[in-house]
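Structure, as structure tokens:
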Amino acid sequence: MGLGTALDTAISGLRGTQAGIGVISQNVANVGTAGYVRRSVSNVDTNAGRNVGVGNPNVQRLLDRIVQHQLWQETSGAAYTATRAEAFAGLDQLYGAPGSATALDSMFSTFTSSLQALRNDPSSYTNRTAVLNSASQLANRLRTVSEGVQTLRNQAEAGIGNAVGRVNELLDSLTNVNARIVNGEASSGNADLRDQRERIVSELSQYLEIRTQEQPSGAITITAASGTQLFDGRPTVRFEFDQRSALGPNAQWSTDPAQRGVGTIVARDLSGNGFDAIANNTFRSGEIGALLELRDKTLVQAQAQLDEIAAQLASALSDREVAGTAATAGAATGFDVDLNGLKAGNTVTLDYKVTPGRQTQRYTFVRVDSAASLPLPASAQGDANNRVIGIDFSGGPASVAAQMQAAVGPGFTISNTGSVLRIVDDGAAGTRDVVGLIARPTQDSLTGGTAELPFFVDSGRANGAYTGSYEGGAQSVGFASRIVVNPNLVSDPKSLVLLTPTTPQGDTTRPQFLLDRLTSSQRSFTNATGFDGSGATSSMTMANFVQRVVAGQGQASAAAQRLDEGQQVALAAVQSRFLEDAQVNVDQEMSTLIELQSAYAANARVISTVKELLDVLLRL
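Numbering-wise, my numbering puts 595 at position 178 of the sequence shown, and it's gapless, one number per residue.
See below:
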């Protein structure tokens, strides 16, 4: 090796070590910088003619791309579970801890205890006042929780709007960074740009689950988990959200724009064509996915449970049960029942047994006063053992019987005599037997001569009795936000006892009836409550139902918290794996720096020696 070659080699070595020292200083300076990926310098040996030594140093970012993709997926999942857990915690706080003074079940228990005290001493003014006060507190609590649920839905709606706007901003910001990487800037600058791009992608993954792929050119493409392409050198879609304000219980999402009362997300491509990204299931995870689930499912179901409590509370105390009287028509047997007094929303139930097996099944006929109210909404549907059917009463009793006959088909014979409805079986052995026929008209007077009374009324419908009407929309939807104690009852507490003006002040009939309806009578609860994910109609007492709602909410909140804790652990594990390569370790950098300093000193010594030799040669 000649002196010139040795000198060239030493100089290239100095350049390489200088580059390495510069990268180490950059690493150490960015120890606490979020998204910074550790760099290293790879030196390429050259041996071409006289050019023996170290070639141009190449700055490399040290990361595991497979783990990085896993990290983005887990980030999306963690954002989803954290958003849900926070909302469930707020919902649980609204309901109150089971048994606490402000919990719904405690207030319901206080109400039934006051009724029990009234039953023991019906003539006591103090007991009557206590019943009205506890009932008012219960109704007020239902309204407060209902308002809280809708507040959470409004917060979710606003959160969706903010998140959609941020997703658009992130996709836009990728365009410039991606172009600069593709244009091939200097290696150190390229590494900084890749850090910047990955920080953007990481934040994007918080809002929705994404898939990324890097092209040979260095460009990146991004698609949603649903397959919708989001970015390919530039944003390929732009999301639009028509945010609504002041959501109420009736405001729900639908694929039909005419029925939709909340905002939807439209993905519009570069040609201006758009599709509903919610219907397309674009947002399966991430913060947006969680907010959509909360707004359109979780909180809607919470409202449905509250509305069911309010509706059952009102109906239990106001609906009379008019049992059918036995009737025969030849070999066929069944019942007659008078439909007089039924109001819009009131029901007639037909119970029958099917052989073999003798399983009891039911048809529930719901009165509507206009064909415009049919078909009944999905929330009114029953199940395989309880089919709920709307019947238009506007055409008179004969039309009512004909509609019911068409609904049940062969196997029954349905007829009428005036307002009296008759339903009998076909008289054949081994098929089906009618075992019950009950009409449930709502009592709308305080002194109608029966124990039932309109204790709770609908403040949104001129303080009218709750009948479950579907005229102009389902009365049950949002009823928890409108339920109040009947103002006429508040002004006349003696109606808690007096069935008629001549009823004795100490009569226990009505107090006992009210107490029994709430604590011991079995009632059917609709599938809208969604307990255990089941769509089946359930039967229990009002007291048990309220306890189940409160306890179920607490369990759901705990489950959401556990799920989030598990997801955060999974995220932390992937982050730890990612940082093993990508995170700057100062001790490691100092060790490498010592090695580079030694190499630098060695190359400098070579240069010094070559200089001395050249000086000797020049003096010869």
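We treat Cβ as the ideally placed atom computed from N, Cα and C, and that holds for glycine.
- By a C-beta neighbour count over all protein chains shown, 10 Å radius and 16 as the cutoff for buried, is S956 buried or exposed? With a 10 Å radius around the Cβ and a threshold of 16 neighbouring Cβ atoms, S956 comes out exposed.
- Message: Going by DSSP, what residue range makes up the alpha helix (DSSP H) through N595?
- Response: 542-599
- Secondary structure at Y769, three-state DSSP: helix, strand or coil? strand
- Task: Determine the extent of the alpha helix (DSSP H) in which L759 is found, giving its start and end residues.
- Result: Per DSSP, L759 belongs to no alpha helix (DSSP H) and is neither H nor E.
- Task: Starting from A823, follow the alpha helix (DSSP H) in both directions and report where the run begins and ends.
- Result: 814-825
- Going straight from the alpha carbon of Q559 to that of F896, what length do you get? At residue 559 the sequence reads Leu, which differs from the Gln that was named. In this structure, the alpha-carbon of L559 lies about 9 Å from that of F896.
- Message: Out of F872, T884, E888, G877, which one is the CA nearest neighbour of P904?
- Response: F872
- Query: CB L793 to CB Y883, shorter than 8 Å?
  - Reply: The answer is no: Cβ separation not under 8 Å.
- Task: Measure the CB-CB distance between D753 and R839 and report whether it falls below 8 Å.
- Result: yes
- Message: Just verifying my parser: in three-state terms, what is the DSSP assignment at R467?
- Response: Unreliable positioning characterises R467 in this predicted model, as indicated by a pLDDT of 49, which lies under 50. The coordinate reading is nonetheless provided below. Correct three-state label for R467: coil.
- What is the rounded straight-line gap between the Cα of V454 and the Cα of E491? 19 Å
- What's the C-alpha gap between Q567 and Q722? 13 Å
- Item | Those residues which DSSP pairs with E657 across a bridge | Answer is V683.
- Message: Can you tell me whether G644 is helix, strand or coil according to DSSP?
- Response: coil
- Note down the Cα distance separating R570 from A514, rounded to an integer number of angstroms. 21 Å
- Query: For S688, which three-state DSSP category applies?
  - Reply: Of the three classes helix, strand and coil, the one that applies to S688 here is coil, per DSSP.
- Just grab the DSSP bridge partners of G751 for me. A744, V841
- Task: Tell me whether E888 sits in a helix, a strand or coil according to DSSP, three-state version.
- Result: Looking at E888 - three-state DSSP - the assignment turns out to be coil, as it is neither helix nor strand.
- Query: What three-state label does DSSP hand Y883 in the structure shown?
  - Reply: Looking at Y883 - three-state DSSP - the assignment turns out to be coil, as it is neither helix nor strand.
- By the 10 Å Cβ neighbour count, where 16 or more other Cβ atoms means buried, how is I705 classified, buried or exposed? Answer is buried; the Cβ neighbour count reaches 16.
- Query: To the nearest angstrom, how far is it from the Cα of L546 to the Cα of T561?
  - Reply: Note on identity: in this sequence residue 546 is Thr, with Leu being the wrong assignment. Their backbone Cα atoms lie some 22 Å apart in a straight line.
- Task: From the DSSP output, in three-state form, read off A868 for me.
- Result: coil
- Query: Should I639 be labelled buried (16 or more other beta-carbon atoms within 10 Å of its own) or exposed?
  - Reply: buried
- Would you be able to state if there are at least three C-beta pairs under 8 Å between the region 571-588 and the region 709-724? yes
- Look at the Cβ atom of N667, then the Cβ atom of G890, and state whether they are nearer than 8 Å. yes
- Do three or more CB pairs link the region 911-924 to the region 764-775 at distances below 8 Å? The region 911-924 is not in contact with the region 764-775.
- Residue range of the alpha helix (DSSP H) that includes L521: 521-537
- DSSP state of D782 mapped onto helix, strand, coil: Reading off the sequence, residue 782 comes out as Phe, not Asp. F782: strand per DSSP, three-state reduction.
- Task: With G853 as the anchor, note down where its beta strand (DSSP E) starts and where it stops.
- Result: 849-857
- Query: Distance, Cα to Cα, Q992 vs W670?
  - Reply: Between Q992 and W670, the C-alpha separation is close to 36 Å.
- Query: Do the region 715-733 and the region 585-603 make contact, defined as three or more Cβ pairs closer than 8 Å?
  - Reply: no
- Message: Cutting at 7 Å between CB atoms, please list the residues of its own chain near R685, excluding the five before and the five after it.
- Response: V654, R655, E657, G691
- Query: Looking at C-alpha atoms only, which residue of A973, E997, S1015, F782 is the closest neighbour of F505?
  - Reply: A973
- Query: Does the region 857-869 come close enough to the region 740-754 that 3 or more CB-CB pairs lie under 8 Å?
  - Reply: no
- Leaving out the 5 sequence neighbours to the left and right, which residues in its chain are closer than 7 Å to D495 when beta-carbon positions are compared? Reading the sequence as shown, one finds Ala at residue 495 and not Asp. The answer, listed in chain order, is Q984, Q985, L988.
- Query: Can you tell which of G507, V1033, Q964, S1015 has its C-alpha closest to the C-alpha of F525?
  - Reply: Q964
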